[in-house]
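Peer 1: Dumping the structure here so I can ask a few things about it.
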Amino acid sequence: MGKTGSHLQPVVLREVPVPPAPPPVPSSNVDRLSAAVEHPSLEVVRQAGPLVLLPMAALLFVPTEWPRWALMWTLAVSVYAGCKWATWWPQRHRAAAPWRHAAYLLAWVGMDARAFLAHGVPEALRPRPFDWWFAAAKTAFGAALLAWAVGMGSNVPPLARGWLGLVGIAMTLHFGLIDLLSLFWRRAGVFARPLMNWPPLARSLAGFWGRRWNTAFRDVVHQLVFRPLVGRTGGRAAMAAVFVVSGLVHDLVISISAGAAYGAPTLYFLIQAAAALLERAHWGVRLGLGHGWRGWAFTACAVVAPLPLLFPEPFVLRVVVPMLDAMRIA
């Protein structure tokens, strides 16, 4: 027993190597999809995608045998619908009744979703009896001008007839019917800001385009163009970008439907941008181009004089006049 025990070797405890930790389990497809869905780029696509896709669909699928004025209205409605969606999307979670969200999308032409979905109407914008009468009078006056243009004979120059029709349409829709719709919503307690705010009284281009003329379009470009750019490029560059985008949108609806005068509407808005910058320049301020009677005269000249670029002759003759003829036949 003693000899056997003398041959026993001490047991050496060896450290057992620990296997490396397994790689982290990748997140599930649901988690990855959720992260992708919340990506800012996809959010931009969701918001602005229809604004690109709807006009493209109109250009691709409108039958070639349709009259040019039908293409014009289709393009205009597609741009309008895309703008509606783009302005509503950031406000989709706002606490408001479902009917109010639906009404903003389907029963109001303005583009200020935040105001429409909020509660209450400012006291200064509550309808008065005069407002109803005035809106009705503008509607009737515009309809009379439009009917006059429709009924004109061949002895009237087509260009003059077309311009009269344009004025009649603007008075009937923008100044008349849309104003009545605004009054209806404000009477119901919904803040539907009027689109036209006495534009002939503007004493500056900034006031005309920013506060008085078609505030719906102003709201769209302010949200989608000016606000994202102003922090990066500064106010002047962002303002110029707004005018460029405005020109391109009008080129889409006007020049493409006419099949001519490409770039003319954009040139019109480039002139507006240049005039607005001159208005704010040192010597423009000294001359009073942004206020008083000088500001009113400067604004009127800058807006009205280049109007043939915004509505070029081919558009009036190929789109507006045939539309008036179709209205007479109907």
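Counting from 548, one number per residue, gives the positions in the sequence shown under the working numbering.
Cβ atoms here follow ideal geometry from the backbone N, Cα and C, with glycine treated the same way.
Here the structure is a predicted model, which means the values were calculated and not measured.
1. Just the C-alpha distance for ALA717 and GLY689, rounded to the nearest angstrom, thanks.
2. Pop quiz: ALA739 and TRP732 are said to be a contact at Cβ under 8 Å. What is the actual Cβ separation, rounded to whole angstroms?
3. Using a 10 Å radius around the Cβ and a threshold of 16 neighbouring Cβ atoms, would you call ILE725 buried or exposed?
4. Flag this pair as touching only if the region 746-765 and the region 817-825 have three or more C-beta atom pairs under 8 Å; answer yes or no.
5. Between which residues of its own chain and ASP678 is the CB-CB distance below 7 Å, once the five residues before and five after are set aside?
6. Exposed or buried, what is CYS630 when buried is set at 16 or more other beta-carbons lying within 10 Å of its beta-carbon?
7. In the DSSP assignment, the alpha helix (DSSP H) including GLN770 goes from what residue to what residue?
8. Do you know how far the Cα of LEU664 is from the Cα of HIS648?
9. Please state whether DSSP places SER553 in a helix, a strand or coil.
10. Note the first and the last residue of the continuous alpha helix (DSSP H) segment covering MET619.
11. Hey, LEU713 and VAL867: beta-carbon distance below 8 Å or not?
12. Who are the near neighbours of SER625 in its chain, counting only those whose CB is closer than 8 Å to its CB and skipping five residues on each side?
13. GLY715 and LEU742 look like a contact to me (Cβ under 8 Å); what is the Cβ gap, rounded to whole Å?
14. Around the Cβ of THR611, are there at least 16 other Cβ atoms within 10 angstroms (buried) or fewer (exposed)?
15. Can you find a C-beta in chain D that's less than 8 Å from the C-beta of VAL792?
16. Go to PHE755, then tell me how far its alpha helix (DSSP H) extends in each direction, as first and last residue.
17. Which residue's Cα is closest to the Cα of GLY723: THR780, ALA682, GLY839, ALA662?
18. According to DSSP, is LEU742 part of a helix, a strand, or is it coil?
19. Mind pulling the alpha helix (DSSP H) runs of 4 or more residues that sit fully within the region 815-871?
20. What residue does the alpha helix (DSSP H) around GLY700 start on, and which one ends it?
21. When burial is assigned at 16 or more other CB atoms within 10 Å of the CB, is PHE608 buried or exposed?
22. Does the region 854-873 touch the region 805-816, meaning 3 or more C-beta pairs lie closer than 8 Å?
23. Identify, in the order they occur along the chain, each residue of the same chain with its Cβ nearer than 8 Å to the Cβ of LEU799, setting aside the five sequence neighbours on each side.
24. Taking ARG750 as the reference, which of TRP620, VAL768, LEU720, PHE845 has the closest Cα?
25. Which residue's Cα is closest to the Cα of ALA644: HIS666, PRO637, ALA654?
Peer 2: Short version:
1. 7 Å
2. 4 Å
3. buried
4. yes
5. LEU730
6. buried
7. GLN770 -> no alpha helix (DSSP H), and no H or E assigned at all.
8. 7 Å
9. Caution is warranted here: a pLDDT of 46 is assigned to SER553, below 50, making its placement in the model unreliable, and the coordinate value is therefore given only provisionally. Helix, per DSSP.
10. 615-635
11. yes
12. LEU601, PRO602, ALA604, ALA605
13. At roughly 17 Å, the Cβ-Cβ gap does not stay under 8 Å, so GLY715 and LEU742 are not in contact.
14. exposed
15. No chain D appears in this structure, which consists of one protein chain only.
16. No alpha helix (DSSP H) holds PHE755; DSSP gives it neither H nor E.
17. ALA682
18. coil
19. 829-834, 839-851, 854-857
20. Per DSSP, GLY700 belongs to no alpha helix (DSSP H) and is neither H nor E.
21. exposed
22. yes
23. PRO602, LEU622, VAL626
24. PHE845
25. HIS666
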